[in-house]
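Asker:
Residue numbers (our numbering): 381 to 829.
#1: In terms of alpha-carbon separation, which member of 599, 531, 698 and 486 lies closest to residue 553?
#2: Tell me which same chain residues have a C-beta within less than 7 Å of the C-beta of residue 506, skipping the five on either side of it?
#3: Would residue 748 be called buried (16 or more neighbouring beta carbons within 10 Å of its own) or exposed?
#4: If you run the structure through DSSP and keep just helix, strand and coil, what is residue 591?
#5: Should residue 453 and residue 470 be called a contact, given that it needs their Cβ atoms to be closer than 9 Å?
#6: If the criterion is Cβ atoms closer than 9 Å, does the pair residue 619 and residue 816 meet it?
#7: What's the C-alpha gap between residue 613 and residue 646?
#8: From residue 536 to residue 763, what distance separates their C-alpha atoms?
#9: Taking the alpha carbon of residue 441 as the point to measure from, which residue in 700, 829 and 819 has its own alpha carbon closest?
#10: Can you find at least 3 beta carbon pairs, one from the segment 589 to 609 and one from the segment 651 to 669, that sit closer than 8 Å?
#11: Is the Cβ-Cβ distance between residue 563 and residue 769 less than 9 Å?
#12: Under the three-state reduction of DSSP, which class applies to residue 813: helix, strand or coil?
#13: For residue 662, name the three-state secondary structure that DSSP assigns.
#14: Return the CA-CA distance between residue 499 and residue 759, expressed in angstroms with no decimal places.
#15: Tell me the residue span of the beta strand (DSSP E) that contains residue 453.
#16: Pull up the distance between the alpha-carbon of residue 777 and that of residue 822, whole angstroms please.
#17: Which runs of the beta strand (DSSP E) fall wholly inside the segment 473 to 550 and span at least 3 residues, in chain order?
#18: Report back the beta-carbon spacing between residue 515 and residue 455 to the nearest angstrom; my notes put them in contact at under 8 Å.
#19: With residue 814 and residue 561 assumed to form a contact (beta carbons below 8 Å), what rounded beta-carbon distance in angstroms separates them?
#20: Residue 568 and residue 808 look like a contact to me (Cβ under 8 Å); what is the Cβ gap, rounded to whole Å?
#21: Determine the direct distance from the alpha carbon of residue 488 to that of residue 651, and round the result to whole angstroms.
#22: For residue 446, count the other beta carbons within 10 Å of its own beta carbon; 16 or more makes it buried, fewer makes it exposed. Which is it?
#23: Using the C-alpha atoms, what's the distance from residue 424 back to residue 827?
#24: Assuming residue 829 and residue 717 are in contact, meaning their beta carbons sit under 8 Å apart, how far apart are those beta carbons, in whole angstroms?
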């Protein structure tokens with residue numbers, strides 16, 4: 381008996397019924413593939429979701445000046461043991477001390493440890509006794525031992541000193557940094573012919589429009605999640621002073637345009653997603669050499685990943701976060717590689733790096749706790765991270781991420797009325813953007829297999 385091809389109404393429209401789906405069958409169930417795939421969207425919506433009065437929105441951020449205050453010198457000289465003031469030292473690399481990268485009176489009284497350029501030899505402790513110029517300072521020792529400096533030495537600030545009966549020293553401060561993003565205007569239509577909506581009885585579900593609406597809502601959620609993860613924008617984010625050779629400007633002058641089926645041409649606004657933000661503005665380590673403390677993306681060959689490397693990577697990931705439990709949205713390929721490493725003891729003995737049993741977190745996700753020497757990564761298997769992203773693990777900072785909404789989720793029903801249209805057309809709209817700042821606290825581990 382020859383097979384009968386499936387016949388579609390209206391030349392193959394994807395949302396019109398196959399004729400062989402009419403009520404000819406005893407089955408009362410329609411089985412669905414991939415029911416829950418938007419874990420990242422659910423998580424970020426629970427972290428922060430608030431309205432913005434403009435399609436362009438700014439985020440102000442402040443990196444702690446107390447965390448890493450230092451400067452270097454290019455001068456080789458001896459600071460006397462008897463407390464005499466030294467000759468002038470030429471200063472460079474002023475970090476988290478003055479507003480400008482030059483010496484000023486606020487540096488007088490800073491107490492510093494002096495280390496060699498490799499940070500392995502401590503030379504002693506001094507304080508800044510006077511300002512010589514905008515590029516030079518003079519020092520005194522705090523101990524009766526002479527200190528000889530070498531070009532490249534690092535002066536790490538440990539505090540301040542003040543003379544009895546002296547006036548208060550000059551203040552130093554830093555300016556807030558501004559990051560930004562654009563909202564993303566998203567829209568998805570749902571449509572069915574009037575005859576099918578009114579008369580046709582179907583197996584598995586009584587209302588075809590209801591089935592399509594439910595399916596499109598899930599599709600919309602997947603699209604929004606993908607946009608938050610993977611979209612890019614001409615507006616940029618200003619998360620660094622320059623990106624790929626250009627400076628970000630707070631403008632929509634370079635927006636792209638689109639012409640719809642009714643010949644209307646209009647601007648297209650998109651948001652910068654999590655992965656492209658780190659790829660464009662972040663720092664990447666490719667599996668060899670020293671790891672920069674501000675690395676965002678770790679690209680590692682799975683075969684080379686061992687306990688030593690994983691310890692170095694997770695040290696950077698946990699270092700700048702307030703919370704020692706980090707969500708890790710990962711593809712199944714990444715989870716498989718980690719499981720292989722743990723079982724084969726390539727991550728060392730139990731108690732160093734260990735993979736816990738499946739648990740359900742407070743959002744209803746399956747999680748596997750990956751215990752590291754510095755904290756816990758909650759691995760969340762995320763089916764949406766498949767194909768090219770199946771070996772990725774996304775590690776966002778829950779204190780520096782969220783959603784900004786210009787227009788909240790909107791479902792508009794029965795929008796098509798002209799010319800006695802015989803059918804029903806609905807549309808799902810959402811105008812939203814990714815709020816993401818404090819770039820050094822967000823990470824990706826990307827394994828190559």
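Just so it is clear, CB atoms sit at the ideal spot from N, CA and C, and this is done for glycine as well.
Treat the numbers as computed from the prediction; the structure is a model and nothing was measured.
Answerer: Looking at the atomic coordinates:
#1: Reading the chain shown from its first residue, position 173 is the one you call residue 553. For the residues 599, 531, 698 and 486, the minimum Cα distance to residue 553 belongs to 486.
#2: Position 126 of the chain shown, counted from the first residue, corresponds to residue 506. The residues are 459, 492, 494, 519, 520, 521, 522 and 527.
#3: Locating residue 748 in the chain shown gives position 368, where the first residue counts as 1. When all chains shown are included, residue 748 counts as buried.
#4: Here residue 591 is taken as the residue at index 211 of the chain shown, counted from 1. Helix, per DSSP.
#5: The residue labelled residue 453 in the question sits at position 73 within the chain shown. The residue labelled residue 470 in the question sits at position 90 within the chain shown. Yes.
#6: What you label residue 619 is simply residue 239 of the chain shown in a count that begins at 1. What you label residue 816 is simply residue 436 of the chain shown in a count that begins at 1. Against a cut-off of 9 Å, the Cβ pair of residue 816 and residue 619 comes out as a contact.
#7: Along the chain shown, one-based indexing puts residue 613 at 233. Along the chain shown, one-based indexing puts residue 646 at 266. Cα to Cα, residue 613 sits roughly 16 Å from residue 646.
#8: As a working mapping, residue 536 is identified with position 156 in the chain shown. As a working mapping, residue 763 is identified with position 383 in the chain shown. Distance between the alpha carbons of residue 536 and residue 763: 46 Å.
#9: For this step, residue 441 is matched to residue 61 along the chain shown. Closest option to residue 441, Cα to Cα, is 819.
#10: yes
#11: What you label residue 563 is simply residue 183 of the chain shown in a count that begins at 1. What you label residue 769 is simply residue 389 of the chain shown in a count that begins at 1. Their beta carbons are not under 9 Å apart, which means residue 563 does not touch residue 769 by this criterion.
#12: Against the chain shown, residue 813 aligns to sequence position 433. Looking at residue 813 - three-state DSSP - the assignment turns out to be strand.
#13: In the chain shown, residue 662 corresponds to position 282, counting from 1. It is coil, neither helix nor strand.
#14: Here residue 499 corresponds to residue number 119 of the chain shown, with the count starting at 1. Here residue 759 corresponds to residue number 379 of the chain shown, with the count starting at 1. Each residue's Cα considered, the two are about 35 Å apart.
#15: Working through the chain shown from its first residue, we reach residue 453 at position 73. Segment 450 to 453, the beta strand (DSSP E) holding residue 453.
#16: Working through the chain shown from its first residue, we reach residue 777 at position 397. Working through the chain shown from its first residue, we reach residue 822 at position 442. Taking the straight line from one Cα to the other gives about 5 Å.
#17: 490 to 495, 502 to 513, 516 to 521 and 534 to 540
#18: Counting from one through the chain shown, the residue named residue 515 turns up at place 135. Counting from one through the chain shown, the residue named residue 455 turns up at place 75. Rounded, the Cβ-Cβ distance is 11 Å, inconsistent with contact.
#19: Taking the chain shown and counting its residues from 1, one reaches residue 814 at position 434. Taking the chain shown and counting its residues from 1, one reaches residue 561 at position 181. Residue 814 to residue 561, Cβ: 6 Å. Contact.
#20: The residue you call residue 568 lines up with position 188 of the chain shown. The residue you call residue 808 lines up with position 428 of the chain shown. Their Cβ separation, rounded to whole angstroms, is 5 Å, which keeps residue 568 and residue 808 in contact under 8 Å.
#21: Along the chain shown, read from residue 1 onward, the residue named residue 651 stands at position 271. Along the chain shown, read from residue 1 onward, the residue named residue 488 stands at position 108. Residue 651 and residue 488: Cα-Cα distance of roughly 45 Å.
#22: The residue you call residue 446 lines up with position 66 of the chain shown. Per the 10 Å Cβ criterion, exposed.
#23: The residue you call residue 827 lines up with position 447 of the chain shown. The residue you call residue 424 lines up with position 44 of the chain shown. Taking the straight line joining both Cα atoms gives about 24 Å.
#24: Position 449 of the chain shown, counted from the first residue, corresponds to residue 829. Position 337 of the chain shown, counted from the first residue, corresponds to residue 717. Confirmed, about 7 Å.
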